[in-house]
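First comes the structure, then the notes that go with it.
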Amino acid sequence: MPPPPNLDLSRRGVLATGAATAAVAAAPAGAAQGKPAMTADPAPLPVSLEVNGKVRDLSPDARTTLLDALREHLHLTGTKKGCDHGQCGACTVLVNGVRINSCLTLAVMHQGDKVTTIEGLGAPDALHPMQAAFIRHDGYQCGYCTPGQICSAVATLDEIKRGVPSHVSASLTDKPRATNLEMRERMSGNICRCGAYSNIAEAMAEIAGDAG
Amino acid sequence: MKFDTPAGDNPIDRMTVVGRPHSRIDGPLKTTGRATYAYEHHREAPTAAYGHVIGAGIAKGRIRSMDLGAARSAPGVLGIVTAREAGKLGKGDYNTAPLLGGPEIDHYHQAIAVVVAETFEQARAAAALVKVDYNRTPGDFDLAAALDKAPAPDEDRLGQFEQAFDAAPFKLDALYTTPDQSHAMMEPFATLAAWDGDQLTVWTSNQMIDWGRGDLAKTLNIPKDKVRLISPYIGGGFGGKLFLRADALMAALGARLVQRPVKVALTRPMLVNNSTHRPATRQRIRIGAKPDGEIIAIAHESSSGDLPDGGPETAVNQTRLLYAGANRLTSLRLAVLNLPEGNAMRAPGEASGMMALEIAMDEMAEKLGMDPIAFRVQNDTQVDPENPDRPFSQRNLVRCLEDGARRFGWARRNARPASVTDGRWLVGMGVAAAFRNNLNVTSGARVRLATDGRITVETDMTDIGTGSYTIIAQTAAEMMGVPLDRVTVKLGDSSFPVSAGSGGQFGAGSSTSGVYAACVKLREAVAGNLGLDPAEAVFEGGKVKGARRSAPLAEAAKAGELVAEDAMTWGDLDETYQQSTFGGHFVEVGVDRYTGAIRVRRMLAVCAAGRILNPVTARSQVIGAMTMGVGGALMEKLEVDKRLGYFVNHDLAGYEVPVHADIPHQEVIFLDEADDKVSPMKAKGIGELGLCGVGAAVANAVYNATGVRVRDYPVTLDKHLDRLPAVS
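Top to bottom, those sequences are chains A and B.
Take the first sequence: its position 17, counting from 1, is numbered 16 in numbering that gives the first Met the number 0, and each next residue is one higher.
Take the second sequence: its position 409, counting from 1, is numbered 408 in numbering that gives the first Met the number 0, and each next residue is one higher.
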């Protein structure tokens, strides 16, 4: 990721920020002893993202995650909040073509980044092939993990195509193939409690097969 | 309409739309992120403020004081509601513990406050400034210890169990345990609440709209008709969202205080201890049999715990009905525990009970030297074992097991454990019966015929991933003789007729029967308008055909929209006949002979549940349940902190559920059935059947692979590693 403009952090600056964070964390104890709490809001930080092909200028609270920027500021609610802790994968989006958990990254860290959400992959009348395959194979039930599954599935097949190895790849240097085992391993950060895994694997296999 | 005699021929029997494998009609919205869940109604409430709920830091005791000063003056804060600000609240009929605690605390992470602020970040930060001083009092958190002082169990008996068991030449007497489990649905509890004067609207995530509406009104001490509850999409529930929960109450209280719409989502780490869970059980099973395998005595005694005034996990239900045997004992014992509330999770009772019973059947078959399928077939019954005059409406358990055995290659199983290897893997196969009762619940619907011939169905039924949108559309399309794409389905709104809701696998059969009833009324109105005899009119291809003439369906509404509303109510056919669903679960596992790690290699379920309304969505219900069953068998367990009284692993990193890598290709077969005793749809529930027995099939497969019997779920490698066959 290229460093964001207008934000030249020196090592000294990072250390200073770290110390300030510690002070904030200690504040509640101080408050209990009757000392004034340190409760000032962090100043909003402007950030410009390219979301689904459109430039979006925001001034979020510095604490706002990319996930909440999408859902609460841009009203792109297709990206879901399942855990807010990087444990479930429901918030998966593509940033500069690579999948990430958008709950584990702050919006202000993404100056100039290209973000693709489920809304950017396709629409009900113009489905992405992976969305159509999920419908054909019934690769979802309640639908809440589904946008994350689909973003992850698209990125997984791309990772395999680019030769990125996984834990179950037989070799670090040979080109991996889109086998059932490879796809399941790479998709394991996306939990589906309804248990549509078997159908998701079939939807992905169909698209992987089409891609040849 | 009342269903009180077995169904004759009806328009559903044509099965031109019903029974066909249609893709979900809500698929394009769900797969593109356009389906709006509870927290996402920006359009309806663009000015909503954010509420952050604070949970109690003790399991039992009292709040001595709360210091809200720093939080109140924090940036963006609009208000804070605690029990003091809320005033006197009622308690919902379906809640065991009050949803807002204070000063008394009933369980860990019981909600004690909601901090409302302009932004999510501000609300969260301010909530961290609230200081609470507690007076912690001792509680009971250890099930085994609490059972020592629990009241005597409730027993059901037939014949002379003890004498028959003592005299039986073959006996099993074993204790099985299942742990506390969490629903862990992907969408957290979430609600947007907005007041308009004294009228409250909540967009929430709830399986049972009318229960939630009634309990929210009761808790707030306002009339039920002042509450509107809307849940068009629900990100999973599994029983966790059957009831009003703290998100809805705290959003409503917050919105009332700050005079603005407020939205609240419980954080993931708060879900587990704030809400309900499937309670742990200790189950003693005794089976006595003759040498030929005939069961002559069977006892199943289950114990569980819950908060004061709670209920037991009914883990012995299936044992009263599944197998024959003249001498029977079942019992439930309930201890008081001060852990969070125990309540329904997918297939309450049977899910836990079958985990134990179907290991016991496997163990007993081995003692008898019988194949476990043959042993089950030998003890099949076509009548209620406690009441032989009461037959099952339809019972094809034996076919499920025997068909499944053929398809799965059961004949290749080696009955001697630990005798099949594949490289480093010890390989085993396991089987279990699946069993879950069918329930019918009163369910209403409204059906509209528009001037252009389109059909719209309105009911407060919910779709929690089950496929309700699609099967309801299929039912209306079949009844009115139109293609599926001419039907619009509107669900999950308390302004629509009250339906069965989603629970107890009663949703599909009951809600489509309600739509059937409303469509019968609409057909009568249509026929009347067209001058046709409703008894003879045939609705097909967008036309209505009588003896002498045929007219387009739309013509009946040319003077204006036609609307019909009805509900399906139920007679006593469920008393005359035992209505149940059946299946056979087959599992193959590999156990790493060096590490003890367990991998599921193959899974098959054969199910008999009456007519299958949509094989696509029904199959998904079953594979999803099989997946949850693998979780229950191999990994899911809430760890109890017995000192402080809470579930320790309360997030998705600590509470492990199956992921892609854990689940192989799954096969599901449905027997071709139609049960005319259950409803005009002739369909029974399937969503919970798929879970009942899977865990035991996995455990039995692990035993067949290793020769080490684990009776204490989940079956994790630490429980068999030291006893695995020696590596030569």
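Glycine included, each C-beta is placed from N, C-alpha and C at the ideal position.
Asked, Found
"Minimum C-alpha distance to alanine 343 of chain B - residue among B:Arg327, B:Glu401, B:Ala279 and B:Thr176", "B:Ala279"
"Residue interval of the alpha helix (DSSP H) (run including arginine 123 of chain B)", "119 to 126"
"Beta-carbon proximity check, alanine 546 of chain B vs alanine 632 of chain B, cutoff 7 Å", "no"
"Start-end ranges of the beta strand (DSSP E) lying completely within the segment 360 to 411 of chain B, minimum 3 residues", "386 to 390"
"Alpha carbon of isoleucine 286 of chain B to alpha carbon of glutamate 181 of chain A, nearest angstrom", "45 Å"
"Three-state secondary structure (DSSP) of glutamine 32 of chain A", "Because the pLDDT at glutamine 32 of chain A is just 44, under 50, the model does not fix this residue reliably, and the point stays unresolved."
"Nearest-angstrom Cα separation, counted from alanine 566 of chain B out to leucine 48 of chain A", "52 Å"
"Where lysine 53 of chain A sits in the DSSP three-state scheme", "strand"
"Short-range partners of chain A found in the segment 265 to 277 of chain B, where Cβ spacing is below 8 Å", "Thr266, Arg267 and Pro268"
"Chain B contact for glutamate 118 of chain A (CB, 7 Å cutoff)", "yes"
"Short Cβ contact (7 Å threshold) for threonine 441 of chain B with threonine 626 of chain B", "no"
"Sheet register partners of valine 114 of chain A (DSSP bridge)", "A:Val50 and A:Val94"
"Option nearest cysteine 193 of chain A by Cα separation, candidates B:His659, B:Thr458 and B:Val709", "B:His659"
"Contacts that asparagine 198 of chain A makes with chain B (C-beta to C-beta distance below 8 Å)", "Ser619 and Ile622"
"Through-space distance from serine 392 of chain B to glutamine 578 of chain B, alpha-carbon basis", "5 Å"
"CA-to-CA distance, histidine 182 of chain B to alanine 247 of chain B, given in whole angstroms", "18 Å"
"Test item: CB-CB of alanine 417 of chain B and glycine 158 of chain B under 7 Å", "no"
"Among B:His584, B:Glu635, B:Gly213 and B:Asn703, nearest to threonine 405 of chain B - alpha-carbon criterion", "For clarity, residue 405 of chain B is arginine in the given sequence; the question names threonine instead. Of the candidates B:His584, B:Glu635, B:Gly213 and B:Asn703, the one whose C-alpha sits nearest the C-alpha of arginine 405 of chain B is B:His584."
"Proximity winner among B:Ala314, B:Lys489, B:Val525 and B:Leu612, relative to lysine 557 of chain B (alpha-carbon distances)", "B:Val525"
"Cβ contact check for the segment 173 to 192 of chain B and the segment 265 to 283 of chain B: 3 or more pairs under 8 Å", "yes"
"Chain A residues whose Cβ lies nearer than 7 Å to that of tyrosine 232 of chain B", "Gly142"
"Secondary structure, alpha helix (DSSP H): runs of 4+ residues fully inside the segment 570 to 619 of chain B", "572 to 575"
"7 Å Cβ cutoff, proline 102 of chain B in contact with chain A", "no"
"Buried or exposed by the 16-neighbour rule on C-beta atoms within 10 Å, applied to glutamate 560 of chain B", "exposed"
"Beta carbon proximity, threonine 155 of chain A to chain B, threshold 7 Å", "no"
"Straight-line Cα distance separating serine 467 of chain B from isoleucine 622 of chain B", "17 Å"
"Segments of 3+ residues assigned as beta strand (DSSP E) that fall wholly inside the segment 137 to 195 of chain B", "153 to 157, 169 to 177 and 189 to 195"
"7 Å Cβ cutoff met for methionine 129 of chain A and valine 153 of chain A", "yes"
"Short CB-CB distance (under 7 Å) between alanine 34 of chain B and chain A", "yes"
"Reduced DSSP secondary structure (H/G/I, E/B, other) of isoleucine 297 of chain B", "strand"
"Tyrosine 133 of chain B, enclosing alpha helix (DSSP H) - first and last residue", "Careful: tyrosine 133 of chain B lies outside any alpha helix (DSSP H), inside the beta strand (DSSP E) at 130 to 135."
"Reference lysine 641 of chain B; option with closest CA among B:Cys606, B:Thr218, B:Asp462 and B:Pro137", "B:Pro137"
"Beta-carbon proximity of phenylalanine 646 of chain B to valine 52 of chain B, cut-off 7 Å", "no"
"Contact check, alanine 193 of chain B vs threonine 200 of chain B, beta carbons under 7 Å", "yes"
"For serine 678 of chain B, the nearest candidate out of B:Gly609, B:Phe669 and B:Ala695 (CA to CA)", "B:Gly609"
"Residue-chain proximity (glutamine 665 of chain B, chain A), Cβ-Cβ < 7 Å", "yes"
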